[in-house]
Structures are given as structure tokens and as C-alpha cells.
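First up is the structure itself, then whatever we jot down about it.
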Amino acid sequence: MTTNGSTPLQDALIDSLPYFDNDLETHPGLQAKVDAELAKELTSLPPPDPTTDPRLLPERPLFKNNPLLAAEFERVKAKLPLAALDTSRYKLPAPPPDSATEADWKAAIDNAKAQLEHQRTRQVNLSLLQTYGSNAWRVHNYLTEAAAVQYEKALERLQDQVTEVNRNRKNTQTMAGNQLTSLEKRWTELISAVLQLELANVAMEGEIEELRRKDADLGNV
-18 MTTNGSTPLQ DALIDSLPYF DNDLETHPGL QAKVDAELAK ELTSLPPPDP
32 TTDPRLLPER PLFKNNPLLA AEFERVKAKL PLAALDTSRY KLPAPPPDSA
82 TEADWKAAID NAKAQLEHQR TRQVNLSLLQ TYGSNAWRVH NYLTEAAAVQ
132 YEKALERLQD QVTEVNRNRK NTQTMAGNQL TSLEKRWTEL ISAVLQLELA
182 NVAMEGEIEE LRRKDADLGN V
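See below:
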């Protein structure tokens, strides 16, 4: 039950001190019992619903703005083979020698023009690559290395933050554990003192009862 708009996680009472507690080390059979209880509890729970379980990230559609990539993703997901490339458009077939019509010759000429333009474009691209490709790759490698350095520094900062959080957590739990141990020891001492007082009271009541009995006997003499 939550109050004032707080979440169940905020209201949860965390009574575990993993950096301080050593029950698993002192009791060798405890780990197996804990694992058995966890497995038993997990089998009794329904599987988490990805649409409502807050521990799971919501599903996000991939490539919703790119239908070609979405279709390719679904193909890979379904483990379907990749369709063979259509190489017919790179061929340059001649029209039938005996029954060629004007339309056949026109289609062949258009195909030859397209192939010629394709080869010319390839030559232009190769020339551009030969002229500017090496410098472009050097710039690309420089930017990639700079990004890698930034990511490494960011990772190092995160690792330092994680280490600091774990260090503070360990210190806090160790202090809390020592305080709990001291309080538990004090509680044991107080309980022992109370028991001793109760025993002394019982003994004193017995002595008082004995004195009363003796006093009554003397009064009857």
C-alpha cells in the first residue's frame, strides 16, 4: 500500500546488508535452500507481461520509417534465405535475328544506352574514389578514433561513478551492520539483566514468603 503518490519500491523496507551479512558463508547449506525457495516462487508466478510489467522495456517497432529495412528484418527474423540478385539488367542481349521488330531494336538500343551510362557512372565513381577516397577514409578514421576516445572516457567516468556508489554503499552498510551488531549485543545484555532481575525477584519473593511464614509461626507461639 502506498501513500502520498509514492511507489511500492519507495515504500519497500530493504533489510538486507549484502556487504555486511555473511550468513551464506557461515551456513553452507543456506544457499541451496534459498535457491530452492526462489525457484519454487518463480514457478508459482505468471510470466511477466511485456506490455504492463514495469521491469521490462516497452516494445518499440524497428525501421517504421524504412519499409525496405523492416521487410529485410522480418526476413532475417523468419530465417528465410536471401533472394538471389537479379543480374538480367546487367546483360546486353541482342534482339532476335530473324523476327526482330522495330520495338525489339528500340528496347535493345535503350538497354545498350543504359548499360553505357552505367559504365560511365562507374568510371566517374572510380575516378572520384581514386582522387578523394584516401583522404575521405583518413578523415573517417580520425573521426571514428575521436569518437572511440570519447566513448572510452565516458565509460571510464561511468565506471568511476559505479565504483563510488558501491564504495559508499559498502561503507553505509558496514556502518549500519556494526550499529546493528552493537544494538543486538546491547539488547542481549539488557535481556540477560532483565532475566537476572526476574530471578532475583523470584528468590526475594521466596525469602519474603519464608519470613512471613516464620513471623506467623512466632505469632502463634
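Taking the numbering used here, the leading residue of the sequence shown gets -18, the next gets one more, and so forth. Glycine residues also receive a C-beta, built at the ideal position from the N, C-alpha and C atoms.
Membership of D141 in the alpha helix (DSSP H) is indicated by the continuous run 83 to 200. Spanning the alpha carbons of L176 and L(-2) requires a straight line of approximately 31 Å.
Annotated three-state conformation of P48 is helix, per DSSP. Below 8 Å, too few C-beta pairs join the region 20 to 29 and the region 170 to 185 to call them touching: fewer than three.
Relative to the Cα of P74, the nearest Cα in the group E6, D67, D85 belongs to D85.
Considered as a whole, the region -4 to 41 harbours no complete run of any beta strand (DSSP E) with no fewer than 3 residues. Shown here, K72 sits in coil according to DSSP, grouped into three states, outside any helix or strand. Nearest to L37 by C-alpha distance, out of L43, F44, P29, is P29. CA-CA distance, G10 to K21, rounds to 17 Å.
Rounded to whole angstroms, T153 and D16 show a C-alpha spacing of 27 Å.
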